[in-house]
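Take a look at the structure set out below.
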Amino acid sequence: MATTAYSEHYAREIDVEQLAWLLSGRQPITADEHVPEIDPKWSDWIRSDVRCSSCGRTGAHVVRSARARTTQKLIRQSHFRFVGQDGTDAHHPFCEFYGEYDGVLTQSDGLVNLGSAKSAETRLIRELVCKGIEQRLFDQSTIRAMRQWFFELKASSRVRVTVTPEQIEWTRCLRRHSQFQRWTFHPAQAEMPGFDWAAAAKYHFTEEHLALFELLRETPFDLPHWRRAKELATKHKDQEVFDVSTLRPHYDAALTLCGFVAKNAGIKFSPIDPDSYKWRGPPIPLLALCALSLFVSRWDMNAAIATFTKLLTAPAPADLSLGNVIGLNPFHEYTPWRLVQLSTDIAARSFGGHDYPGQLIAIEAKLREQYRLWKLQNP
């Protein structure tokens with residue numbers, strides 16, 4: 003559900019209430035003033051002017067909020083519904099809002115609401131965005147252009163989802179497997195009175211799957227990413243989706259800039275250690291602003307650092323409302339989709355099935371049999 007959208011005419015991100023006030027030609031005097039109704043005469047204009055913040059499609063219809071009659075509890079948020087001429091979903095199939103029409107869902111975390119300023123890191127990034135707009139380093143149209151650039155990049159390359167949740171779980175088990183210590187089994191080792199057969203099986207497993215472990219470097223441990231990857235694989239089974247590998251160089255650049263800024267800005271953006279951004283991910287507002295800095299700097303790292311330096315050293319903004327925008331996180335669900343594609347590659351290169359506990363049991367049985375035969379020859 004798109005709670006905000008981009009107006010070509012007003013050249014900024016707006017929600018339904020803001021659009022209603024703009025079209026009425028007046029501004030609210032008090033914060034709780036009743037929001038005016040949008041005259042139906044504006045319907046065709048809204049359909050052609052207001053665009054989806056993610057995919058840029060037109061066809062917007064205004065859906066007002068609704069409350070329960072008895073409790074007055076909010077049961078539906080005001081939002082924009084994008085509908086084609088034939089009544090079908092107007093969003094691009096790769097858009098994160100595609101198919102979300104129940105009015106209950108919140109704005110996708112692919113769009114960072116800097117206007118809400120609910121966390122310290124969001125408030126900090128909001129102030130930097132205000133500085134950037136006042137210093138004319140970028141504006142809302144720049145943010146809109148970056149959204150469209152990233153969306154077109156994603157839409158230009160597609161892959162079909164063939165991996166199963168079981169294969170993703172197999173990849174997760176490989177990631178959690180401690181493969182760093184190398185050891186080669188020999189039956190004579192089992193003569194030790196306290197020989198650890200389970201550990202020997204894991205060492206042997208490492209040797210058998212060494213090539214797969216090379217593919218798993220710099221992938222996250224965090225369970226939520228893996229859980230989401232399974233959900234995406236199930237939801238999009240046998241469907242074409244964007245090839246997340248096209249984002250890899252841009253994501254790596256943004257991640258590098260995030261780490262550099264967090265270490266050298268003299269400001270604490272988050273409790274997360276910048277050295278762990280690679281595995282845990284950076285703060286989403288910081289990632290969005292770093293991506294924007296790189297975008298306006300034509301993806302030149304030193305130029306982007308210079309841009310960020312200007313943001314940090316600029317005087318305090320005169321108007322904090324300039325940061326009341328929706329900033330794009332162009333890497334929305336990048337990590338889960340990367341795990342989907344990585345698991346596809348791992349599954350294709352694997353042998354002996356995808357049952358991790360079962361393979362360890364089979365390997366231990368094989369090693370015990372090797373020891374038994376060796377013992378017969380070496381009583």
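One rule links them: number in the numbering used here = place in the sequence shown (from 1) + 2. From the three backbone atoms N, C-alpha and C, an ideal C-beta is built for every residue, glycine too. Predicted, not measured: the structure shown is a model, and the values here were computed from it.
First through last residue of the alpha helix (DSSP H) which encompasses residue i
i: Ala7; result: It is not in any alpha helix (DSSP H) - Ala7 instead sits in the beta strand (DSSP E) that spans Thr6 to Ser9.
i: Phe262; result: Arg250 to Asn266
i: Asn304; result: Met303 to Thr315
i: Tyr100; result: Unbroken run through Tyr100: none, as it is neither H nor E.
i: Trp228; result: Leu225 to Lys237
i: Pro319; result: Element bounds for Pro319: n/a, residue is neither H nor E.
i: Ala192; result: Segment: none, Ala192 is in no alpha helix (DSSP H) and carries neither H nor E.
i: Glu216; result: Leu212 to Leu217
i: Asp347; result: Tyr336 to Arg351
i: Phe271; result: That residue, Phe271, is in no alpha helix (DSSP H); it is neither H nor E in DSSP.
i: Ser180; result: Element bounds for Ser180: n/a, residue is neither H nor E.
i: Leu139; result: Neither: Leu139 is in no alpha helix (DSSP H) and is coded neither H nor E.
Paired residues, beta bridge with residue i - DSSP
i: Asp91; result: Val85
i: Glu242; result: Arg162
i: Ala62; result: Phe84
i: Arg53; result: Tyr8
Chain B contact for residue i (CB, 7 Å cutoff)
i: Asp245; result: Considering every chain present, this structure includes no chain B. It has just one protein chain.
Closest by C-alpha distance to residue i, when choosing among the options
i: His81; options: Gly58, Arg59, Cys54 and Gln87; result: Cys54
i: Gln79; options: Arg71, Arg66, Ala364 and Asp88; result: Arg66
i: Ser45; options: Phe152, Arg83 and Gly360; result: Arg83
i: Asn380; options: Ala190, Phe140, Met148 and Pro95; result: Ala190
i: Phe244; options: Tyr336, Thr315 and Leu294; result: Tyr336
i: His356; options: Glu171, Asp17, Ser26 and His94; result: Glu171
i: Asp224; options: Leu313, Arg374, Gly360 and Pro338; result: Pro338
i: Leu155; options: Asp347, Leu257 and Cys97; result: Cys97
i: Leu249; options: Ser159, Leu217 and Tyr279; result: Ser159
i: His238; options: Lys43, Val165 and Leu130; result: Val165
i: Ile40; options: Asp17, Arg59, Thr60 and Ser56; result: Asp17
i: Tyr100; options: Cys57, Arg71, Arg138 and Thr73; result: Cys57
i: Ala306; options: Ala367, Leu139, Ala316 and His227; result: Leu139
i: Thr315; options: Gln372, Glu10, Asn266 and Ala290; result: Asn266
i: Trp228; options: Leu362, Thr173 and Leu25; result: Thr173
i: Ala290; options: Phe333, Pro317 and Pro226; result: Phe333
i: Phe197; options: Glu15, Glu366, Leu24 and His11; result: Glu366
i: Tyr279; options: Ala201, Ala7 and Val263; result: Val263
i: His252; options: Gly354, Gly86, Thr311 and Trp301; result: Trp301
7 Å CB neighbourhood of residue i in its chain, flanking five on each side removed
i: Lys75; result: Arg69
i: Ala119; result: Confidence in Ala119 is poor, its pLDDT being 47 and thus under 50, which makes the residue's placement unreliable; the coordinate value appears in the next sentence. Once the five neighbours on either side are set aside, the close Cβ partners of Ala119 are Arg125 and Arg128.
i: Glu19; result: Val37 and Ser80
i: Pro167; result: Lys232, Ala235 and Thr236
i: Ile48; result: Ala62 and Val64
First and last residue of the uninterrupted beta strand (DSSP E) at residue i
i: Asp17; result: Arg14 to Asp17
i: Val165; result: Note, Val165: premise wrong, no beta strand (DSSP E); not H, not E.
i: Ala70; result: First-last for Ala70: undefined, no H or E at that position.
Cut-off 6 Å between Cβ atoms - residues of its own chain near residue i, not counting five sequence neighbours on either side
i: Pro285; result: Glu123, Phe271 and Ser272
i: Thr221; result: Arg177
i: Arg162; result: Glu242
i: Lys377; result: none
i: Cys292; result: Ala256, Leu259 and Cys260
i: Cys175; result: Tyr358
i: Ser143; result: Ala13
i: Ser345; result: Val165, Gln169, Ile170 and Thr173
Beta-carbon contacts of residue i that lie in its chain and below 8 Å, excluding the five residues immediately before and after
i: Asp321; result: Cys132 and Glu136
Is it a yes or a no for the stretch 171-184 touching the stretch 205-218, going by three-plus beta-carbon pairs under 8 Å? yes
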